[in-house]
Amino acid sequence: MILSEKDTCKIFYMNLYEIFTLNLKENPTTGYRWFIEFSEGLKMIEDNFKIGNKIGEMGLRIFKFQVMDEGLCKLKLKNWRDWEGDSSIIDKFQIQIIVK
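For the record, in the sequence shown the residue sitting at position 8 is 8 according to UniProt numbering, with numbers rising by one throughout.
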């Protein structure tokens, strides 16, 4: 399963140990990066960045997670400049996963 920004605030049904990908637009040259705030019941197994095709174009932050717990799992991320604190948050992403 591949998720993106359009999937924020949704609930998904997955199997225990299922792996899913989360693709989020990111432009780290501006200092803004996606940060995982909360990943209850999930294990991050990959974190990569694919640069855009043109200079200054946004790239894609690619996370892969594995479902590790039964029941309800939660994932929350924020796009921010960590040295500026919460006042710099420009976007958020969150989902809930119900494990079958």
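Backbone N, C-alpha and C fix where the C-beta goes; we use that ideal spot for every residue, glycine too.
All values derive from a computational prediction rather than experimental measurement.
Whether residue i touches residue j by CB criterion (8 Å)
| i | j | result |
| --- | --- | --- |
| L3 | W34 | no |
| L60 | N27 | no |
| F63 | E37 | no |
Cα-Cα separation between residue i and residue j, rounded to whole angstroms
| i | j | result |
| --- | --- | --- |
| I98 | M14 | 6 Å |
| T8 | K92 | 8 Å |
| G52 | T29 | 11 Å |
| M58 | N48 | 14 Å |
| D69 | K6 | 25 Å |
Residue i beta carbon near the ligand NAD (any heavy atom closer than 7 Å)
| i | result |
| --- | --- |
| E18 | By its list of ligands, the structure shown contains no ligand whatsoever, and the ligand NAD lies outside what it can speak to. |
Residue i versus the options, residue with shortest Cα-Cα distance
| i | options | result |
| --- | --- | --- |
| I41 | M58, D47, S87, Y17 | Before going further, note that residue 41 is Gly rather than Ile in the sequence given. Selected option, being the one with the closest Cα: Y17. |
| W80 | Q96, T21, C73, I89 | I89 |
| Y44 | Q66, G56, F12 | Note that residue 44 is Met in the sequence shown, not Tyr. If we check each option's Cα against that of M44, Q66 comes out closest. |
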